[in-house]
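Presented below is the structure to which this report refers.
6 protein chains.
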Amino acid sequence: MGMIAVYPGSFDPITSGHFDIIERAGAMFDTLVVLVAINSTKESTFSCDERVEMIRHAVHAHGLTNIQVDSISDGLLVDYAEQRKAKAIIKGLRAVSDFEYEFQMALINRRLRPEIETVFLMTSAEYSFLSSSIVKEIARLDGDISGLVPQVNLRKIQAHYES
Amino acid sequence: MGMIAVYPGSFDPITSGHFDIIERAGAMFDTLVVLVAINSTKESTFSCDERVEMIRHAVHAHGLTNIQVDSISDGLLVDYAEQRKAKAIIKGLRAVSDFEYEFQMALINRRLRPEIETVFLMTSAEYSFLSSSIVKEIARLDGDISGLVPQVNLRKIQAHYES
Amino acid sequence: MGMIAVYPGSFDPITSGHFDIIERAGAMFDTLVVLVAINSTKESTFSCDERVEMIRHAVHAHGLTNIQVDSISDGLLVDYAEQRKAKAIIKGLRAVSDFEYEFQMALINRRLRPEIETVFLMTSAEYSFLSSSIVKEIARLDGDISGLVPQVNLRKIQAHYES
Amino acid sequence: MGMIAVYPGSFDPITSGHFDIIERAGAMFDTLVVLVAINSTKESTFSCDERVEMIRHAVHAHGLTNIQVDSISDGLLVDYAEQRKAKAIIKGLRAVSDFEYEFQMALINRRLRPEIETVFLMTSAEYSFLSSSIVKEIARLDGDISGLVPQVNLRKIQAHYES
Amino acid sequence: MGMIAVYPGSFDPITSGHFDIIERAGAMFDTLVVLVAINSTKESTFSCDERVEMIRHAVHAHGLTNIQVDSISDGLLVDYAEQRKAKAIIKGLRAVSDFEYEFQMALINRRLRPEIETVFLMTSAEYSFLSSSIVKEIARLDGDISGLVPQVNLRKIQAHYES
Amino acid sequence: MGMIAVYPGSFDPITSGHFDIIERAGAMFDTLVVLVAINSTKESTFSCDERVEMIRHAVHAHGLTNIQVDSISDGLLVDYAEQRKAKAIIKGLRAVSDFEYEFQMALINRRLRPEIETVFLMTSAEYSFLSSSIVKEIARLDGDISGLVPQVNLRKIQAHYES
Numbered sequence: 001m002g003m004i005a006v007y008p009g010s011f012d013p014i015t016s017g018h019f020d021i022i023e024r025a026g027a028m029f030d031t032l033v034v035l036v037a038i039n040s041t042k043e044s045t046f047s048c049d050e051r052v053e054m055i056r057h058a059v060h061a062h063g064l065t066n067i068q069v070d071s072i073s074d075g076l077l078v079d080y081a082e083q084r085k086a087k088a089i090i091k092g093l094r095a096v097s098d099f100e101y102e103f104q105m106a107l108i109n110r111r112l113r114p115e116i117e118t119v120f121l122m123t124s125a126e127y128s129f130l131s132s133s134i135v136k137e138i139a140r141l142d143g144d145i146s147g148l149v150p151q152v153n154l155r156k157i158q159a160h161y162e163s
Numbered sequence: 001m002g003m004i005a006v007y008p009g010s011f012d013p014i015t016s017g018h019f020d021i022i023e024r025a026g027a028m029f030d031t032l033v034v035l036v037a038i039n040s041t042k043e044s045t046f047s048c049d050e051r052v053e054m055i056r057h058a059v060h061a062h063g064l065t066n067i068q069v070d071s072i073s074d075g076l077l078v079d080y081a082e083q084r085k086a087k088a089i090i091k092g093l094r095a096v097s098d099f100e101y102e103f104q105m106a107l108i109n110r111r112l113r114p115e116i117e118t119v120f121l122m123t124s125a126e127y128s129f130l131s132s133s134i135v136k137e138i139a140r141l142d143g144d145i146s147g148l149v150p151q152v153n154l155r156k157i158q159a160h161y162e163s
Numbered sequence: 001m002g003m004i005a006v007y008p009g010s011f012d013p014i015t016s017g018h019f020d021i022i023e024r025a026g027a028m029f030d031t032l033v034v035l036v037a038i039n040s041t042k043e044s045t046f047s048c049d050e051r052v053e054m055i056r057h058a059v060h061a062h063g064l065t066n067i068q069v070d071s072i073s074d075g076l077l078v079d080y081a082e083q084r085k086a087k088a089i090i091k092g093l094r095a096v097s098d099f100e101y102e103f104q105m106a107l108i109n110r111r112l113r114p115e116i117e118t119v120f121l122m123t124s125a126e127y128s129f130l131s132s133s134i135v136k137e138i139a140r141l142d143g144d145i146s147g148l149v150p151q152v153n154l155r156k157i158q159a160h161y162e163s
Numbered sequence: 001m002g003m004i005a006v007y008p009g010s011f012d013p014i015t016s017g018h019f020d021i022i023e024r025a026g027a028m029f030d031t032l033v034v035l036v037a038i039n040s041t042k043e044s045t046f047s048c049d050e051r052v053e054m055i056r057h058a059v060h061a062h063g064l065t066n067i068q069v070d071s072i073s074d075g076l077l078v079d080y081a082e083q084r085k086a087k088a089i090i091k092g093l094r095a096v097s098d099f100e101y102e103f104q105m106a107l108i109n110r111r112l113r114p115e116i117e118t119v120f121l122m123t124s125a126e127y128s129f130l131s132s133s134i135v136k137e138i139a140r141l142d143g144d145i146s147g148l149v150p151q152v153n154l155r156k157i158q159a160h161y162e163s
Numbered sequence: 001m002g003m004i005a006v007y008p009g010s011f012d013p014i015t016s017g018h019f020d021i022i023e024r025a026g027a028m029f030d031t032l033v034v035l036v037a038i039n040s041t042k043e044s045t046f047s048c049d050e051r052v053e054m055i056r057h058a059v060h061a062h063g064l065t066n067i068q069v070d071s072i073s074d075g076l077l078v079d080y081a082e083q084r085k086a087k088a089i090i091k092g093l094r095a096v097s098d099f100e101y102e103f104q105m106a107l108i109n110r111r112l113r114p115e116i117e118t119v120f121l122m123t124s125a126e127y128s129f130l131s132s133s134i135v136k137e138i139a140r141l142d143g144d145i146s147g148l149v150p151q152v153n154l155r156k157i158q159a160h161y162e163s
Numbered sequence: 001m002g003m004i005a006v007y008p009g010s011f012d013p014i015t016s017g018h019f020d021i022i023e024r025a026g027a028m029f030d031t032l033v034v035l036v037a038i039n040s041t042k043e044s045t046f047s048c049d050e051r052v053e054m055i056r057h058a059v060h061a062h063g064l065t066n067i068q069v070d071s072i073s074d075g076l077l078v079d080y081a082e083q084r085k086a087k088a089i090i091k092g093l094r095a096v097s098d099f100e101y102e103f104q105m106a107l108i109n110r111r112l113r114p115e116i117e118t119v120f121l122m123t124s125a126e127y128s129f130l131s132s133s134i135v136k137e138i139a140r141l142d143g144d145i146s147g148l149v150p151q152v153n154l155r156k157i158q159a160h161y162e163s
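Chains as they are written, first to last, in the working numbering: chain A, 1 to 163; chain B, 1 to 163; chain C, 1 to 163; chain D, 1 to 163; chain E, 1 to 163; chain F, 1 to 163.
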């Protein structure tokens, strides 16, 4: 089975920056599980199923074969990772503010399950400005989001903001 | 007509820190358009008209003649700037956290319209602690906000919190 | 009466990191007032009375005798401190993002009442990841929060998330 | 004569990131003076003349016509700017650490000469990792620096590290 | 004897920002010891005696009576504080970069002597740009440093840079 | 042979924080090469051989069997990694300032050799204040460094500062 890692996020929706991390983490681990983490106390733009499907389309379009996509609702990430026998949690860092928050989460996760390591990859410089929120804001204002999200998801996202 | 710059913000309400930037950017460009950007998905304290009027009063009280005040609702800032033939977008920086967010916005705006430059000015040290939220919080708790907002708007803002 | 300091916060609920600051600030000042600050415009998880009571239980369980617990609703912190004849406001710092926000608040408070000093203590490294939100998130997902909050409050907090 | 700005730096040597700022600032001002600032108390890799010449070559190779190159040794930047009747000092920002230092310098310069504004431009994301030191370190270790410095200066820099 | 605090630094030379902290910490503690810490492995501009004398002049000129000035050469700060029966070490914070370094030092000092607390005060906004290095750089370039250092030390510092 | 990673540093000397990263990275990869990187343009406290030996002692004392120790003098890290067929470069992050520098190095290394990934692990909170410089400063001032460096190296380091 080899070494497994989990890459969690809300992916609401997946951006080109997320996909960059998926490709690079996928090259390092035998199996990468992209995990759509649903927080029932927060509103989202896309449903869990839509988010999973968009990630699957992007992964499939790029011919990546060791990537699985799953979702979790209101469960502890480290418990999920334990269950999947994952050795590592993958997080992408873009900026100082990411760093602080992710540092806190890594420390708390290590406290909860010391045997699971949090591993950070740097987002490519060209995507350092990118977030799901910014993609949605531009789409809402009818700006051009091509290049900011995987090509196969472009229509799906734009359709959400048409009326 | 000369060189035009746009200084966007929510200005809910304009603070002495905003006004400091208006005065300094106004001295650098032939025309400065202060742009009240309305985001229909967020709640605001003052209406668009009230915000525009407060900026106009402050600009008029200080005898600044090359400042225009306008508003935009749910449109892309760079499209507005393009339409106004503005060469630059002005942003004020106060602290590291401003820097990160504004850096991201500058990169995304450059991607959308590379010909429009984002130009950053540092807020004066004496206003580095100031934001519209802090002004409103102090006014709500009946604290003294004189000096924190342009003098001509003082009554208008205090009135909002009286009952 | 000696020197008095006020340690304000929302304490929703008190964490082991807060309690670490209480113990250390209590050792430096003759009287330390832990002040539950209620902001009527924000939702909270625990009521003002529950928060005050949890702090009192923790203080009592550790035999600290120069700590008072009080609450304030929609009043200016510096006015409260003035009334209590406090010379200092205590704040705990964990990370860069705390620093920026607290720096702004210290500057505004100095402007409102220059005679009251804001004093910062560093949270112990082992609690640097800890916040009330993280405690609640873990409790909500049924994770183990022992060690993250004062032992005497453990049941009270867990009970809130059981159904 | 139009509006003049000064872009100071040690440019030891000029990188592609510096040149990106030169091009963009040159598009905003009528005249841009690129100023090689020599600090006699610090060691440098290239002589003042070599640094000026490399900038001139790069500017010439790109056909920029409103750029002047000058140098200053142990003089106050704001005095130079005043003498040149410059209205603005241009600085490029790459990262949070730049921001803090440049913020301090902008505040001190405003105190020395309030009529000269410091204007910040964001370095392009693709050059955010780039500095003169990193270029020199890679060249010293015989790595490939093409793309990191203006093409016309490539040989000159590599030659410095050959023996 | 009351509560004693130590305010350590290199004070090479004392700036108006340092003096601001001395005044404010002096108002909070019964005795404040300003400690010139000499690091024999680093070069300095002013001798230990000159630095001590400049602080004494400034303290005397402002009529502060509970301030002592001392120096230490190559000794651990916490050992000095212990010997003086000080309860607290005072540090001034200006910016995020100060914060990180001082946080590390506070943690290491707590490890060495847990009974001594490090207490942070925020430097006034108007001095947030100020450091001994910047004062010296401006003096070296013959700029005006009045207001940046205590008035009584002005001549002494300028004299150092005249020839 | 399995997956190989390289953990580079100056290790002058190895601290408990470094060793924490070695243990955790060693658990994730089949082989971890700890690489003492010598920069001939910088002075060091311990010789290359001493540094390598101290790491070997610490690794041996903890019974880690998949760790190799090597050194490189004035060579590009990515070239070494390529030669060793390493898939990843390991870096430990402690604080925001680490983050910025390491982000820049990761971007430049990706540019030089895109097939080698930089992987970041968070240093344990208890070691977040620790660096080789701080260890040496405390040892120089005759403070207690036990716990700050691997136990087996304690005497070696203390001996360096005795006379």
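All residues carry an ideal CB built from backbone N, CA and C; glycine is no exception.
Since this is a predicted model, take the numbers as computed values, not measurements.
Outcome for residue i when other beta-carbon atoms lying within 10 angstroms are tallied against a minimum of 16
| i | result |
| --- | --- |
| Tyr127 of chain E | buried |
| Thr165 of chain E | Nothing in the structure corresponds to residue 165 of chain E, since chain E is present only between 1 and 163. |
| Ala159 of chain F | exposed |
| Arg24 of chain D | buried |
| Arg94 of chain A | buried |
| Ser132 of chain E | buried |
| Gln83 of chain C | exposed |
Nearest to residue i (by Cα), restricted to the options the options
| i | options | result |
| --- | --- | --- |
| Leu121 of chain F | F:Met3, F:Lys91, F:Phe99 | F:Lys91 |
| Val135 of chain E | D:Glu100, D:Arg84, D:Ser133, D:Leu76 | D:Leu76 |
| Tyr101 of chain E | F:Leu130, F:Ala86, F:Ala106 | F:Leu130 |
| Val6 of chain F | F:Asp12, F:Phe29, F:Thr15, F:Val96 | F:Phe29 |
| Gly147 of chain E | E:Ser16, E:Gly9, E:Asp12 | E:Ser16 |
| Val217 of chain D | D:Pro13, D:Glu23, D:Asp70 | A query on residue 217 of chain D cannot be resolved here, the shown segment of chain D reaching from 1 to 163 and no further. |
| Ala27 of chain E | C:Ile138, C:Thr118, C:Asp142 | C:Thr118 |
| Met54 of chain A | A:Arg84, A:Gly2, A:Gln68, A:Glu162 | A:Gln68 |
| Glu162 of chain C | C:Met105, C:Ala139, C:Asn109 | C:Ala139 |
| Ser124 of chain C | E:Ser132, E:Arg110, E:Ser124 | E:Arg110 |
| Ile116 of chain E | E:Gly143, E:Gln104, E:Lys85, E:Asp142 | E:Lys85 |
| Arg113 of chain A | C:Asp144, C:Phe46, C:Lys156 | C:Asp144 |
Cβ-based neighbour list, residue i, same chain, cut-off 7 Å, excluding 5 preceding and 5 following
| i | result |
| --- | --- |
| Val152 of chain E | His57, Ala58, Ala61 |
Residues near residue i in its chain [Cβ-Cβ closer than 6 Å; skip 5 each side]
| i | result |
| --- | --- |
| Thr31 of chain A | Ile4, Asn66 |
| Pro150 of chain B | Phe19, Ala58 |
| Tyr80 of chain C | Ile72 |
Cβ distance (whole Å) where residue i is taken to contact residue j below 8 Å
| i | j | result |
| --- | --- | --- |
| Val78 of chain D | Val52 of chain D | With a Cβ gap of about 21 Å, Val78 of chain D and Val52 of chain D do not count as contacting. |
| Ile89 of chain E | Pro13 of chain E | Not really, about 21 Å apart at Cβ, beyond 8 Å. |
Limits of the unbroken alpha helix (DSSP H) element including residue i
| i | result |
| --- | --- |
| Pro107 of chain C | The sequence given here has Leu at residue 107 of chain C, not Pro. Leu107 of chain C -> alpha helix (DSSP H) spans 96–112. |
| Ser16 of chain A | 16–28 |
| Asp79 of chain F | 77–83 |
| Val59 of chain D | 48–61 |
| Ala37 of chain A | Not the alpha helix (DSSP H): Ala37 of chain A falls in the beta strand (DSSP E), residues 31–38. |
Cβ of residue i within 7 Å of any chain H Cβ
| i | result |
| --- | --- |
| Ile134 of chain A | Within the model displayed, chain H is absent; protein chains A, B, C, D, E and F are what it includes. |
Extent of the continuous beta strand (DSSP E) run through residue i
| i | result |
| --- | --- |
| Ile90 of chain D | 88–93 |
Cβ neighbours of residue i in the same chain (closer than 8 Å, five flanking residues each side left out)
| i | result |
| --- | --- |
| Asp74 of chain A | Ile38, Asn39, Ser40 |
| Cys48 of chain C | Val36, Ile38, Ser71, Ser73 |
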